[in-house]
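Quick note, the sequences are listed as chains A and B, same order. Here the working numbering is used: the first residue of the first sequence is 1, the next is one more, and so on. Here the working numbering is used: the first residue of the second sequence is 1001, the next is one more, and so on. All C-beta atoms in this analysis are idealised placements derived from N, C-alpha and C, irrespective of residue type, glycine included. The structure displayed is predicted, hence computed values, not measured ones. As structure tokens, the structure follows; a few thoughts come after it.
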Amino acid sequence: NAGVTQTPKFQVLKTGQSMTLQCAQDMNHNSMYWYRQDPGMGLRLIYYSASEGTTDKGEVPNGYNVSRLNKREFSLRLESAAPSQTSVYFCASSARQGSNYEQYFGPGTRLTVT
Amino acid sequence: TQLLEQSPQFLSIQEGENLTVYCNSSSVFSSLQWYRQEPGEGPVLLVTVVTGGEVKKLKRLTFQFGDARKDSSLHITAAQPGDTGLYLCAGRQTGANNLFFGTGTRLTVIP
């Protein structure tokens, strides 16, 4: 049982390049999330998918797109990377246990845009 | 502006000391969670509190949810080096299916 996996673990991009961050979970969770973590800012929600087939914007969606490919997989795409998108990106998933949405996180992708 | 403010932002203490971390908001939450994150890893859930005034204990960690469900605290007794990490609170508002995360408290316990 791998939990939440993310690829790649590290990535360096040049300004204007594009890339897709992959995330998969094997816990049969309905909801999946993408966050970015910057120093002093905690975790900020980029996009989330409450269930297969739906996606919604979070706090900081500009410059990103997402795809909920199936129940297991949720990808994050940067179409034209900018230095301001240098960050650590975390994917998370949650089941609707009661109403608390406890989240399980992947190990993160460390992205640098030069 | 952050919906959840944590204090202090940084805390460095000696092994064996006690400490309290605070998570404050002007908003009401239906539940509040605490996570711990170690360097190079994702956050890991420690506890969820859902009732105003609720107190939960996890070994040497004591979590409390404010009576008005706007704030929470984490108290660690006799801190150990293994407690070192980034502590994050996260709140869920009624009807929402996502969490708002606090700014984090980075704790260092010196042996």
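Contacts of residue i in chain A (Cβ-Cβ under 8 Å)
i: L1045/B; result: E102, Q103 and Y104
One or two residues paired with residue i in a DSSP bridge
i: V113/A; result: L13/A
i: E1005/B; result: N1024/B
i: A1090/B; result: Q1033/B and F1101/B
i: S1012/B; result: T1108/B
i: G1085/B; result: L1107/B
i: Y104/A; result: S93/A
Closer than 7 Å to chain A by CB, residue i
i: N1024/B; result: no
i: F1063/B; result: no
i: G1102/B; result: yes
i: R1092/B; result: yes
i: T1048/B; result: yes
i: S1031/B; result: yes
Any C-beta of chain B under 7 Å from that of residue i
i: A81/A; result: no
i: F90/A; result: yes
i: L45/A; result: yes
i: A24/A; result: no
Chain B residues whose Cβ lies nearer than 7 Å to that of residue i
i: P107/A; result: E1041 and G1042
Residue i Cβ short of 6 Å to the ligand MN heavy atom set
i: H29/A; result: Among the ligands in the structure shown, none appear at all, so the ligand MN cannot be discussed.
Interface residues of chain B facing residue i [CB-CB closer than 9 Å]
i: G48/A; result: Before going further, note that residue 48/A is Tyr rather than Gly in the sequence given. Ordered by position in chain B, the residues that pass the 9 Å Cβ test against Y48/A are N1097 and N1098.
i: G58/A; result: N1098
i: Y33/A; result: N1098 and L1099
Interface partners of residue i on chain A, CB under 9 Å
i: L1088/B; result: G42 and L43
Any 3 or more C-beta pairs closer than 8 Å across the region 1020-1027 of chain B and the region 61-75 of chain A: Judged by Cβ distances under 8 Å, the region 1020-1027 of chain B makes no contact with the region 61-75 of chain A, as fewer than three pairs qualify.
Segments of 3+ residues assigned as beta strand (DSSP E) that fall wholly inside the region 1018-1080 of chain B: Whole beta strand (DSSP E) segments, 3+ residues: 1019-1024, 1031-1037, 1044-1049, 1055-1058, 1061-1065 and 1071-1076.
Cβ contact check for the region 78-87 of chain A and the region 27-34 of chain A: 3 or more pairs under 8 Å: Verdict: no, contact absent.
Every unbroken beta strand (DSSP E) within the region 22-96 of chain A, with a cutoff of 3 residues, ordered by chain: Listed in chain order, the complete beta strand (DSSP E) runs (minimum 3 residues) inside the region 22-96 of chain A are 31-38, 42-49, 64-68, 74-78 and 87-94.
At least three beta-carbon pairs within less than 8 Å, the region 1001-1020 of chain B to the region 1044-1059 of chain B: Under the Cβ criterion (8 Å, minimum of three pairs), the region 1001-1020 of chain B does not count as touching the region 1044-1059 of chain B.
Given 8 Å, three or more beta-carbon pairs between the region 1078-1086 of chain B and the region 1025-1034 of chain B: No, the region 1078-1086 of chain B is not in contact with the region 1025-1034 of chain B.
Contact the region 99-111 of chain A vs the region 46-64 of chain A: 3+ CB pairs below 8 Å: The answer is no - the region 46-64 of chain A does not touch the region 99-111 of chain A, with fewer than three Cβ pairs under 8 Å.
Inter-stretch contact at 8 Å, needing at least 3 Cβ pairs: the region 1090-1102 of chain B / the region 34-48 of chain A: In short, these stretches touch, since the Cβ pair count reaches three.
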